[in-house]
Amino acid sequence: MKILFVVSEVEDLVKTGGLADVAKSLPLALRDLSHEVLIVMPYYQALATQFSAAECAPKQILYSEQTPYEFAIREIQLQGLRVLCVDYPDFFARKGLYSDDYHAYPDNAERFAFFAHAALKTAQAVNFQPDIVHCNDWHTALTPYFLHIDDSGFFNHSKSIFTIHNGAYQGTHRFVDIPYLRPHHQLAAQLDGDALNFVRMGIRYATKINTVSPNYAQELLTPLGSHHLFYEFTQRRGDVSGILNGCDYSQWDPVNDPHIIQTYDSKNFKGKAACKADLQKELTLPAEPKTPVIGMVCRLTEQKGFGFILPMLDKLMQHKVQLAIVGTGDPDICRYLHDMAQRFPQKLAFHQDFSVRKAHMIEAGSDFFLMPSLFEPCGLNQMYSLAFATLPIVRAVGGLKDTVVDVAEDPQAATGFVFEQPNDQALLACVQRALLFYHEFPEKFALIQQRAMQTRFTWQAAAKEYEKLYLKALG
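475 is the number that the UniProt record's numbering gives the last residue of the sequence shown; the numbers go up by one with no jumps.
Dropping the structure here:
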(Lines of atoms letter the chains of each structure in order from A and count residues from 1; the text may use other names and numbers.)
(Lines give C-alpha, C1' and ligand atoms only; values in the text may rest on other atoms or scores of the structure.)
Protein backbone atom coordinates (compact mmCIF):
# COMPACT_ATOMS: atom_id res chain seq x y z
CA MET A 1 0.00 0.00 0.00
CA LYS A 2 0.96 3.65 -0.45
CA ILE A 3 0.48 5.43 2.88
CA LEU A 4 0.46 9.21 3.33
CA PHE A 5 1.31 9.79 7.00
CA VAL A 6 0.23 13.29 8.07
CA VAL A 7 1.55 14.45 11.43
CA SER A 8 2.72 17.56 13.28
CA GLU A 9 5.97 16.23 14.81
CA VAL A 10 8.46 13.40 14.29
CA GLU A 11 11.12 11.96 16.63
CA ASP A 12 14.70 12.86 15.60
CA LEU A 13 13.36 15.93 13.76
CA VAL A 14 11.17 17.87 16.22
CA LYS A 15 9.42 16.56 19.31
CA THR A 16 7.22 17.71 22.18
CA GLY A 17 5.75 14.35 23.25
CA GLY A 18 4.89 10.74 22.51
CA LEU A 19 3.19 11.59 19.20
CA ALA A 20 6.64 12.15 17.70
CA ASP A 21 7.81 8.68 18.80
CA VAL A 22 4.87 7.08 17.00
CA ALA A 23 5.42 9.22 13.90
CA LYS A 24 8.93 7.85 13.51
CA SER A 25 8.57 4.25 14.65
CA LEU A 26 5.29 3.31 12.96
CA PRO A 27 6.24 4.51 9.44
CA LEU A 28 9.58 2.68 9.74
CA ALA A 29 7.80 -0.53 10.80
CA LEU A 30 5.29 -0.16 7.95
CA ARG A 31 8.16 0.37 5.52
CA ASP A 32 9.68 -2.88 6.79
CA LEU A 33 6.41 -4.61 5.84
CA SER A 34 7.07 -3.43 2.25
CA HIS A 35 4.60 -0.52 2.24
CA GLU A 36 5.54 2.81 0.70
CA VAL A 37 5.23 5.54 3.33
CA LEU A 38 5.48 9.28 2.80
CA ILE A 39 5.47 11.53 5.90
CA VAL A 40 4.18 15.11 5.60
CA MET A 41 4.75 17.62 8.41
CA PRO A 42 5.21 21.39 8.84
CA TYR A 43 8.61 22.97 8.17
CA TYR A 44 9.22 24.50 11.58
CA GLN A 45 11.97 26.99 12.38
CA ALA A 46 13.81 24.24 14.26
CA LEU A 47 13.88 22.12 11.09
CA ALA A 48 15.03 25.04 8.94
CA THR A 49 17.87 25.73 11.38
CA GLN A 50 18.96 22.10 11.62
CA PHE A 51 18.56 20.87 8.05
CA SER A 52 18.24 23.74 5.55
CA ALA A 53 16.26 21.27 3.44
CA ALA A 54 16.06 21.81 -0.31
CA GLU A 55 12.81 22.31 -2.20
CA CYS A 56 11.72 19.13 -3.97
CA ALA A 57 8.73 20.37 -6.00
CA PRO A 58 7.38 23.58 -7.52
CA LYS A 59 5.79 26.03 -5.11
CA GLN A 60 2.12 25.32 -4.44
CA ILE A 61 -0.82 27.66 -3.86
CA LEU A 62 -4.03 27.09 -1.92
CA TYR A 63 -6.80 29.68 -1.93
CA SER A 64 -9.28 30.71 0.71
CA GLU A 65 -11.81 33.00 -0.90
CA GLN A 66 -9.45 35.36 -2.75
CA THR A 67 -6.50 34.95 -0.40
CA PRO A 68 -3.55 32.94 -1.78
CA TYR A 69 -1.44 30.76 0.53
CA GLU A 70 1.76 29.98 -1.37
CA PHE A 71 4.08 27.41 0.19
CA ALA A 72 7.23 25.49 -0.64
CA ILE A 73 7.78 21.76 -0.17
CA ARG A 74 11.10 20.67 1.32
CA GLU A 75 12.44 17.15 1.72
CA ILE A 76 14.31 15.52 4.60
CA GLN A 77 15.50 11.91 4.76
CA LEU A 78 14.84 9.98 7.98
CA GLN A 79 16.45 6.53 8.00
CA GLY A 80 15.50 6.09 4.36
CA LEU A 81 11.99 7.51 4.74
CA ARG A 82 10.92 10.57 2.74
CA VAL A 83 9.69 13.38 4.95
CA LEU A 84 8.12 16.27 3.03
CA CYS A 85 7.74 19.54 4.91
CA VAL A 86 5.17 22.25 4.24
CA ASP A 87 7.13 25.51 4.29
CA TYR A 88 4.85 28.47 5.01
CA PRO A 89 6.95 30.82 7.18
CA ASP A 90 4.05 32.99 8.37
CA PHE A 91 2.70 29.95 10.23
CA PHE A 92 5.70 27.77 11.00
CA ALA A 93 8.85 29.91 11.26
CA ARG A 94 8.43 30.34 15.01
CA LYS A 95 10.33 29.43 18.14
CA GLY A 96 7.96 26.63 19.18
CA LEU A 97 5.76 24.08 17.46
CA TYR A 98 2.49 24.95 19.18
CA SER A 99 3.46 27.58 21.73
CA ASP A 100 6.04 29.93 23.14
CA ASP A 101 6.89 28.12 26.35
CA TYR A 102 3.56 27.62 28.18
CA HIS A 103 1.28 29.82 26.02
CA ALA A 104 -0.33 28.39 22.89
CA TYR A 105 -0.15 30.46 19.71
CA PRO A 106 -3.52 32.24 19.27
CA ASP A 107 -3.69 31.27 15.58
CA ASN A 108 -3.05 27.53 16.04
CA ALA A 109 -6.43 26.71 14.49
CA GLU A 110 -5.59 28.73 11.38
CA ARG A 111 -2.09 27.21 11.17
CA PHE A 112 -3.20 23.60 11.32
CA ALA A 113 -6.38 24.01 9.28
CA PHE A 114 -4.08 25.20 6.50
CA PHE A 115 -1.58 22.39 7.12
CA ALA A 116 -4.31 19.73 7.06
CA HIS A 117 -5.19 20.86 3.53
CA ALA A 118 -1.61 21.53 2.40
CA ALA A 119 -0.64 17.93 3.24
CA LEU A 120 -2.92 16.67 0.47
CA LYS A 121 -1.66 19.32 -1.96
CA THR A 122 1.88 18.18 -1.14
CA ALA A 123 1.08 14.58 -2.07
CA GLN A 124 -0.35 15.77 -5.38
CA ALA A 125 2.70 17.93 -6.06
CA VAL A 126 5.03 14.91 -5.90
CA ASN A 127 2.49 12.58 -7.56
CA PHE A 128 2.12 10.35 -4.48
CA GLN A 129 -1.36 8.85 -4.88
CA PRO A 130 -2.11 7.21 -1.51
CA ASP A 131 -4.27 4.22 -0.74
CA ILE A 132 -4.39 5.39 2.89
CA VAL A 133 -4.15 8.90 4.32
CA HIS A 134 -3.20 8.36 7.97
CA CYS A 135 -3.91 11.47 10.11
CA ASN A 136 -2.78 11.99 13.69
CA ASP A 137 -4.40 14.05 16.47
CA TRP A 138 -6.26 17.35 16.22
CA HIS A 139 -3.58 19.10 14.14
CA THR A 140 -4.45 16.90 11.14
CA ALA A 141 -8.07 16.11 12.00
CA LEU A 142 -9.42 18.24 9.14
CA THR A 143 -7.48 16.29 6.50
CA PRO A 144 -10.29 13.68 6.16
CA TYR A 145 -12.72 16.56 5.53
CA PHE A 146 -10.49 18.05 2.83
CA LEU A 147 -10.15 14.57 1.34
CA HIS A 148 -13.96 14.27 1.37
CA ILE A 149 -14.52 17.51 -0.57
CA ASP A 150 -11.58 17.11 -2.97
CA ASP A 151 -12.80 17.18 -6.57
CA SER A 152 -9.47 16.77 -8.36
CA GLY A 153 -9.96 13.04 -8.86
CA PHE A 154 -6.46 12.41 -7.50
CA PHE A 155 -7.76 10.92 -4.23
CA ASN A 156 -10.77 9.05 -5.59
CA HIS A 157 -9.52 5.71 -4.24
CA SER A 158 -7.90 7.02 -1.04
CA LYS A 159 -9.30 6.16 2.39
CA SER A 160 -8.51 7.92 5.65
CA ILE A 161 -7.48 6.77 9.12
CA PHE A 162 -7.72 9.20 12.04
CA THR A 163 -5.62 8.19 15.05
CA ILE A 164 -6.41 9.89 18.35
CA HIS A 165 -3.27 9.90 20.49
CA ASN A 166 -4.87 11.98 23.25
CA GLY A 167 -8.59 12.72 23.13
CA ALA A 168 -8.32 15.56 25.64
CA TYR A 169 -6.66 17.81 23.06
CA GLN A 170 -9.37 18.50 20.49
CA GLY A 171 -8.46 21.74 18.78
CA THR A 172 -11.60 23.66 19.73
CA HIS A 173 -11.55 27.22 18.35
CA ARG A 174 -14.01 29.91 17.36
CA PHE A 175 -14.84 29.52 13.68
CA VAL A 176 -14.55 33.28 13.07
CA ASP A 177 -10.90 33.06 14.20
CA ILE A 178 -10.02 30.66 11.38
CA PRO A 179 -9.97 32.75 8.18
CA TYR A 180 -8.73 29.83 6.09
CA LEU A 181 -12.02 27.98 6.70
CA ARG A 182 -14.47 30.83 5.99
CA PRO A 183 -15.57 29.44 2.59
CA HIS A 184 -16.27 26.01 4.10
CA HIS A 185 -19.98 26.28 4.90
CA GLN A 186 -20.17 22.51 5.40
CA LEU A 187 -17.96 22.93 8.49
CA ALA A 188 -19.72 26.11 9.61
CA ALA A 189 -22.96 24.11 9.78
CA GLN A 190 -21.40 21.73 12.34
CA LEU A 191 -20.24 24.18 14.98
CA ASP A 192 -20.69 23.69 18.70
CA GLY A 193 -22.07 27.12 19.46
CA ASP A 194 -19.57 29.38 17.70
CA ALA A 195 -16.68 26.88 17.96
CA LEU A 196 -15.28 24.29 15.59
CA ASN A 197 -13.98 21.11 17.23
CA PHE A 198 -11.28 19.65 14.97
CA VAL A 199 -11.35 16.16 16.52
CA ARG A 200 -15.14 16.01 16.12
CA MET A 201 -14.68 16.65 12.39
CA GLY A 202 -11.98 13.98 12.18
CA ILE A 203 -14.33 11.44 13.74
CA ARG A 204 -17.15 12.38 11.36
CA TYR A 205 -15.18 12.35 8.12
CA ALA A 206 -12.48 9.66 8.53
CA THR A 207 -13.06 6.20 7.07
CA LYS A 208 -11.82 4.56 10.28
CA ILE A 209 -10.98 5.97 13.71
CA ASN A 210 -8.50 4.39 16.07
CA THR A 211 -6.58 5.17 19.19
CA VAL A 212 -3.37 3.93 20.77
CA SER A 213 -4.55 1.13 23.05
CA PRO A 214 -7.54 -1.25 23.08
CA ASN A 215 -8.64 -0.19 26.57
CA TYR A 216 -8.58 3.52 25.71
CA ALA A 217 -10.75 2.78 22.67
CA GLN A 218 -13.32 1.21 25.00
CA GLU A 219 -13.11 4.20 27.34
CA LEU A 220 -13.82 6.59 24.45
CA LEU A 221 -17.12 4.76 23.95
CA THR A 222 -18.30 5.62 27.48
CA PRO A 223 -19.83 8.89 28.72
CA LEU A 224 -17.06 9.33 31.34
CA GLY A 225 -14.10 8.50 29.12
CA SER A 226 -15.15 10.12 25.85
CA HIS A 227 -13.84 13.64 26.59
CA HIS A 228 -17.34 15.02 25.87
CA LEU A 229 -17.48 13.37 22.42
CA PHE A 230 -19.66 10.43 23.45
CA TYR A 231 -22.26 11.04 20.73
CA GLU A 232 -19.65 11.22 17.97
CA PHE A 233 -17.85 8.07 19.10
CA THR A 234 -21.02 6.02 19.56
CA GLN A 235 -22.31 7.11 16.13
CA ARG A 236 -19.14 5.61 14.67
CA ARG A 237 -18.85 2.72 17.15
CA GLY A 238 -18.27 0.11 14.42
CA ASP A 239 -15.34 2.12 13.03
CA VAL A 240 -13.54 2.76 16.35
CA SER A 241 -10.69 0.48 17.42
CA GLY A 242 -7.53 0.50 19.52
CA ILE A 243 -4.02 -0.58 18.57
CA LEU A 244 -1.37 -0.60 21.28
CA ASN A 245 1.69 1.52 20.60
CA GLY A 246 5.04 -0.19 20.42
CA CYS A 247 8.24 0.71 22.22
CA ASP A 248 11.50 1.66 20.54
CA TYR A 249 13.83 -0.78 22.29
CA SER A 250 16.78 0.46 20.24
CA GLN A 251 16.67 3.57 22.46
CA TRP A 252 15.32 2.04 25.66
CA ASP A 253 17.43 -0.99 26.52
CA PRO A 254 19.65 -1.23 29.64
CA VAL A 255 21.90 -3.73 27.83
CA ASN A 256 23.38 -1.00 25.60
CA ASP A 257 22.20 2.35 26.94
CA PRO A 258 24.85 5.09 26.51
CA HIS A 259 23.12 7.39 29.03
CA ILE A 260 23.58 5.19 32.13
CA ILE A 261 26.72 4.58 34.18
CA GLN A 262 26.62 0.78 33.90
CA THR A 263 24.60 -1.52 31.64
CA TYR A 264 22.78 -4.62 32.88
CA ASP A 265 20.44 -7.40 31.83
CA SER A 266 17.86 -9.73 33.37
CA LYS A 267 20.51 -12.21 34.51
CA ASN A 268 22.68 -9.71 36.36
CA PHE A 269 21.28 -6.69 38.22
CA LYS A 270 24.64 -5.39 39.50
CA GLY A 271 24.54 -2.67 36.88
CA LYS A 272 21.12 -1.57 38.09
CA ALA A 273 22.50 -1.13 41.61
CA ALA A 274 25.26 1.05 40.18
CA CYS A 275 22.65 3.09 38.29
CA LYS A 276 20.69 3.58 41.51
CA ALA A 277 23.77 4.90 43.28
CA ASP A 278 24.54 7.19 40.34
CA LEU A 279 20.96 8.54 40.33
CA GLN A 280 21.08 9.25 44.06
CA LYS A 281 24.37 11.10 43.56
CA GLU A 282 23.03 13.06 40.57
CA LEU A 283 19.93 14.17 42.50
CA THR A 284 21.81 14.70 45.82
CA LEU A 285 19.79 12.05 47.62
CA PRO A 286 21.46 9.99 50.37
CA ALA A 287 23.40 6.97 49.07
CA GLU A 288 21.14 4.31 50.61
CA PRO A 289 21.13 1.16 48.45
CA LYS A 290 18.35 -0.52 50.45
CA THR A 291 15.97 2.44 50.39
CA PRO A 292 13.51 2.07 47.50
CA VAL A 293 13.58 4.84 44.92
CA ILE A 294 10.37 5.82 43.13
CA GLY A 295 11.03 7.69 39.90
CA MET A 296 8.83 9.86 37.75
CA VAL A 297 9.48 11.58 34.41
CA CYS A 298 6.55 13.38 32.81
CA ARG A 299 4.76 16.60 31.97
CA LEU A 300 3.57 18.12 35.24
CA THR A 301 -0.16 18.24 34.51
CA GLU A 302 -3.41 17.09 36.07
CA GLN A 303 -3.60 14.32 33.45
CA LYS A 304 -0.51 12.67 34.94
CA GLY A 305 -2.22 12.24 38.30
CA PHE A 306 -0.85 15.18 40.27
CA GLY A 307 -4.35 15.80 41.57
CA PHE A 308 -3.84 12.72 43.74
CA ILE A 309 -0.02 12.74 44.02
CA LEU A 310 0.31 16.09 45.77
CA PRO A 311 -2.30 15.44 48.53
CA MET A 312 -0.59 12.21 49.60
CA LEU A 313 3.05 13.37 49.53
CA ASP A 314 3.18 14.30 53.22
CA LYS A 315 2.06 10.80 54.23
CA LEU A 316 4.38 9.13 51.72
CA MET A 317 7.35 11.03 53.19
CA GLN A 318 6.76 9.26 56.51
CA HIS A 319 7.95 6.02 54.89
CA LYS A 320 11.50 4.85 54.21
CA VAL A 321 11.51 5.90 50.57
CA GLN A 322 13.10 8.30 48.09
CA LEU A 323 11.09 10.06 45.38
CA ALA A 324 12.80 11.43 42.26
CA ILE A 325 10.72 13.62 39.91
CA VAL A 326 11.95 15.20 36.68
CA GLY A 327 9.71 17.28 34.43
CA THR A 328 8.24 20.63 33.48
CA GLY A 329 4.70 21.95 33.22
CA ASP A 330 2.07 23.56 35.42
CA PRO A 331 3.73 26.35 37.48
CA ASP A 332 1.57 25.62 40.55
CA ILE A 333 2.60 21.95 40.56
CA CYS A 334 6.25 22.98 40.15
CA ARG A 335 6.06 25.36 43.12
CA TYR A 336 4.47 22.70 45.31
CA LEU A 337 7.14 20.14 44.43
CA HIS A 338 9.93 22.65 45.06
CA ASP A 339 8.47 23.38 48.51
CA MET A 340 8.20 19.67 49.33
CA ALA A 341 11.77 19.05 48.17
CA GLN A 342 12.97 21.78 50.56
CA ARG A 343 10.98 20.27 53.43
CA PHE A 344 12.22 16.71 52.75
CA PRO A 345 15.66 17.07 51.11
CA GLN A 346 16.68 13.56 52.16
CA LYS A 347 13.64 11.97 50.56
CA LEU A 348 12.38 14.05 47.63
CA ALA A 349 14.36 15.40 44.70
CA PHE A 350 12.61 17.54 42.08
CA HIS A 351 14.38 18.78 38.96
CA GLN A 352 12.29 21.21 36.92
CA ASP A 353 13.76 20.37 33.55
CA PHE A 354 13.93 17.60 31.02
CA SER A 355 16.89 15.87 29.44
CA VAL A 356 17.20 12.53 27.70
CA ARG A 357 20.08 11.64 30.01
CA LYS A 358 18.07 12.27 33.19
CA ALA A 359 15.08 10.36 31.80
CA HIS A 360 17.28 7.31 31.20
CA MET A 361 18.95 7.68 34.61
CA ILE A 362 15.52 7.69 36.31
CA GLU A 363 14.40 4.59 34.40
CA ALA A 364 17.59 2.68 35.19
CA GLY A 365 18.22 3.87 38.75
CA SER A 366 14.72 3.65 40.23
CA ASP A 367 13.09 0.59 41.80
CA PHE A 368 9.58 1.80 40.91
CA PHE A 369 8.17 4.18 38.30
CA LEU A 370 5.13 6.24 39.32
CA MET A 371 2.47 6.77 36.64
CA PRO A 372 -0.94 7.25 38.32
CA SER A 373 -2.59 8.99 35.37
CA LEU A 374 -6.08 10.44 35.42
CA PHE A 375 -6.25 9.13 31.84
CA GLU A 376 -3.52 7.67 29.62
CA PRO A 377 -4.31 6.77 25.99
CA CYS A 378 -1.32 4.45 25.80
CA GLY A 379 1.71 5.61 27.74
CA LEU A 380 5.31 4.82 26.90
CA ASN A 381 7.13 5.35 30.18
CA GLN A 382 5.62 2.23 31.73
CA MET A 383 7.00 0.25 28.76
CA TYR A 384 10.44 1.82 29.23
CA SER A 385 10.25 1.05 32.94
CA LEU A 386 9.47 -2.61 32.34
CA ALA A 387 12.48 -2.88 30.01
CA PHE A 388 14.69 -1.42 32.77
CA ALA A 389 13.32 -3.72 35.53
CA THR A 390 11.74 -0.69 37.20
CA LEU A 391 8.31 -1.83 38.30
CA PRO A 392 5.47 0.54 37.33
CA ILE A 393 2.93 1.82 39.85
CA VAL A 394 -0.03 2.78 37.66
CA ARG A 395 -3.74 3.43 37.63
CA ALA A 396 -5.90 0.92 35.72
CA VAL A 397 -6.72 3.26 32.88
CA GLY A 398 -6.11 3.39 29.12
CA GLY A 399 -2.94 1.74 27.89
CA LEU A 400 -1.62 1.35 31.44
CA LYS A 401 -4.28 -1.30 32.03
CA ASP A 402 -3.25 -3.05 28.80
CA THR A 403 0.46 -3.21 29.68
CA VAL A 404 0.90 -3.68 33.45
CA VAL A 405 -0.29 -6.75 35.42
CA ASP A 406 -0.81 -6.30 39.17
CA VAL A 407 0.95 -8.56 41.67
CA ALA A 408 -2.28 -9.35 43.50
CA GLU A 409 -4.32 -9.86 40.33
CA ASP A 410 -2.05 -12.47 38.71
CA PRO A 411 1.13 -13.33 40.66
CA GLN A 412 2.40 -15.62 37.89
CA ALA A 413 2.23 -12.89 35.24
CA ALA A 414 2.72 -9.81 37.44
CA THR A 415 4.85 -6.93 36.20
CA GLY A 416 3.88 -4.09 38.55
CA PHE A 417 1.32 -2.54 40.91
CA VAL A 418 -2.09 -1.26 39.81
CA PHE A 419 -4.89 0.67 41.54
CA GLU A 420 -8.36 1.67 40.34
CA GLN A 421 -9.89 4.73 42.00
CA PRO A 422 -8.68 8.22 40.97
CA ASN A 423 -7.93 9.58 44.43
CA ASP A 424 -4.98 10.08 46.78
CA GLN A 425 -6.05 7.37 49.25
CA ALA A 426 -6.09 4.67 46.57
CA LEU A 427 -2.73 5.83 45.22
CA LEU A 428 -1.11 5.92 48.66
CA ALA A 429 -2.42 2.44 49.46
CA CYS A 430 -0.97 1.10 46.21
CA VAL A 431 2.43 2.71 46.84
CA GLN A 432 2.45 1.34 50.39
CA ARG A 433 1.64 -2.11 49.02
CA ALA A 434 4.54 -1.83 46.57
CA LEU A 435 6.97 -0.70 49.30
CA LEU A 436 5.90 -3.54 51.59
CA PHE A 437 6.44 -6.08 48.80
CA TYR A 438 9.89 -4.61 48.10
CA HIS A 439 10.97 -4.97 51.74
CA GLU A 440 9.30 -8.28 52.63
CA PHE A 441 9.69 -10.33 49.43
CA PRO A 442 13.03 -9.39 47.81
CA GLU A 443 13.34 -12.70 45.92
CA LYS A 444 9.84 -12.45 44.46
CA PHE A 445 10.53 -8.79 43.63
CA ALA A 446 13.61 -9.84 41.63
CA LEU A 447 11.59 -12.46 39.74
CA ILE A 448 9.01 -9.85 38.77
CA GLN A 449 11.84 -7.58 37.63
CA GLN A 450 13.13 -10.36 35.37
CA ARG A 451 9.65 -10.94 33.94
CA ALA A 452 9.24 -7.19 33.36
CA MET A 453 12.49 -7.05 31.37
CA GLN A 454 11.32 -9.91 29.15
CA THR A 455 8.00 -8.18 28.35
CA ARG A 456 7.97 -6.69 24.88
CA PHE A 457 5.60 -4.35 23.02
CA THR A 458 7.01 -4.06 19.52
CA TRP A 459 6.30 -1.71 16.65
CA GLN A 460 6.46 -4.73 14.34
CA ALA A 461 3.36 -6.15 16.04
CA ALA A 462 1.64 -2.74 16.00
CA ALA A 463 2.40 -2.26 12.29
CA LYS A 464 0.75 -5.57 11.44
CA GLU A 465 -2.40 -4.42 13.27
CA TYR A 466 -2.37 -1.13 11.35
CA GLU A 467 -1.98 -3.10 8.15
CA LYS A 468 -5.21 -4.96 9.00
CA LEU A 469 -6.94 -1.66 9.80
CA TYR A 470 -5.88 -0.17 6.46
CA LEU A 471 -7.24 -3.19 4.62
CA LYS A 472 -10.57 -2.86 6.43
CA ALA A 473 -10.73 0.79 5.43
CA LEU A 474 -10.08 -0.12 1.82
CA GLY A 475 -12.89 -2.65 1.97
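Positions of the beta carbon are idealized from the N, C-alpha and C atoms, including for glycine.
If we ignore side chains and look at the alpha-carbon of each, how far apart do residue i and residue j end up?
i, j, result
"residue 243", "residue 66", "42 Å"
"residue 326", "residue 177", "37 Å"
"residue 478", "residue 157", "Since the first residue of the chain shown is 1 and the last is 475, residue 478 is not available in this structure."
"residue 62", "residue 69", "5 Å"
"residue 127", "residue 80", "19 Å"
"residue 96", "residue 89", "13 Å"
"residue 350", "residue 423", "22 Å"
"residue 355", "residue 84", "28 Å"
"residue 384", "residue 328", "19 Å"
"residue 91", "residue 46", "13 Å"
"residue 314", "residue 249", "36 Å"
"residue 438", "residue 225", "33 Å"
"residue 245", "residue 210", "12 Å"
"residue 277", "residue 283", "10 Å"
"residue 236", "residue 163", "14 Å"
"residue 20", "residue 336", "30 Å"
"residue 305", "residue 52", "40 Å"
"residue 360", "residue 260", "7 Å"
"residue 293", "residue 405", "20 Å"
"residue 403", "residue 382", "8 Å"
Helix, strand or coil: which one does DSSP assign to residue i?
i, result
"residue 413", "coil"
"residue 82", "strand"
"residue 108", "helix"
"residue 202", "helix"
"residue 25", "helix"
"residue 196", "strand"
"residue 101", "coil"
"residue 208", "strand"
"residue 283", "coil"
"residue 42", "strand"
"residue 269", "coil"
"residue 255", "coil"
"residue 475", "coil"
"residue 94", "coil"
"residue 248", "coil"
"residue 15", "coil"
"residue 69", "strand"
"residue 75", "strand"
Assign residue i to one of two classes, buried (16 or more other C-beta atoms within 10 Å of its C-beta) or exposed (fewer than that).
i, result
"residue 149", "exposed"
"residue 470", "buried"
"residue 16", "exposed"
"residue 55", "exposed"
"residue 256", "exposed"
"residue 37", "buried"
"residue 346", "exposed"
"residue 198", "buried"
"residue 440", "exposed"
"residue 290", "exposed"
"residue 413", "exposed"
"residue 189", "exposed"
"residue 316", "buried"
"residue 219", "buried"
"residue 435", "buried"
"residue 476", "In this structure the chain extends from 1 to 475, so residue 476 is not present and cannot be described."
"residue 377", "buried"
"residue 332", "exposed"
"residue 254", "buried"
Within the 8 Å Cβ cut-off, does residue i reach chain B?
i, result
"residue 177", "Looking for chain B here will not work: only one protein chain is present."
Whole-angstrom Cβ separation of residue i and residue j, contact assumed at under 8 Å?
i, j, result
"residue 206", "residue 160", "5 Å"
"residue 309", "residue 372", "7 Å"
"residue 419", "residue 391", "That belief does not hold up - the Cβ atoms of residue 419 and residue 391 are roughly 14 Å apart, past 8 Å."
"residue 145", "residue 187", "7 Å"
"residue 25", "residue 459", "5 Å"
"residue 141", "residue 275", "Contact flag wrong, Cβ pair sits at about 41 Å."
"residue 147", "residue 155", "6 Å"
Inside the UniProt domain "Glycosyl transferase family 1" (288-435) only - beta strand (DSSP E) runs reaching at least 3 residues: The qualifying runs are 293-297, 322-326, 348-351, 368-371, 391-395 and 417-419.
Length-filtered (4 minimum) alpha helix (DSSP H) runs lying within the region 108-142: The region 108-142 contains these whole alpha helix (DSSP H) runs: 108-125.
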